[in-house]
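What follows is a single structure, written as structure tokens, with notes after it.
In this note's numbering, the protein residues as written are -8 to 135.
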């Protein structure tokens, strides 16, 4: 997969979120004639932010993820999200999978995760979800 297109209510706010937390500012954004704003990460993946004025409906299970290079990178991002009062919806911290899921300005769930190529013997499947330490209020009047 090379790109993902999602409808958003406020492209400026969404752009800031994805550039700040998920690396979508590695090359200049491009705006198309239909109003879509295309953001790019260092791997060349494109995130298309389409302008939408109607309420955005999405299944509760829907999410998309960004792999990070190490466990510590996920934990550092988690701390930044908490410090910036971004709503966390789930965390997982186990020997073979580390993850944090948060909501973007439109309520989409975005996951940052890390998993080793091969977990140490005897550890696969033993991790349990880490409880979310704090359910933080969404800031800035974000839409759902």
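All residues carry an ideal CB built from backbone N, CA and C; glycine is no exception.
Asked: Candidates -6, 89, 67, -2, of which the one nearest residue 45 by Cα; Found: -2
Asked: Spatial distance of residue 59 from residue 26 (CA atoms); Found: 30 Å
Asked: Cβ-based neighbour list, residue 70, same chain, cut-off 7 Å, excluding 5 preceding and 5 following; Found: none
Asked: Endpoints, beta strand (DSSP E) assigned at residue 38; Found: 37 to 42
Asked: Boundaries (first-last residue) of the alpha helix (DSSP H) holding residue 70; Found: 62 to 74
Asked: Whole-angstrom C-beta distance between residue 14 and residue 33, which should lie under 8 Å; Found: 6 Å
Asked: Residue 95 beta carbon less than 7 Å from that of residue 89; Found: no
Asked: Residue 40 beta carbon less than 7 Å from that of residue 2; Found: yes
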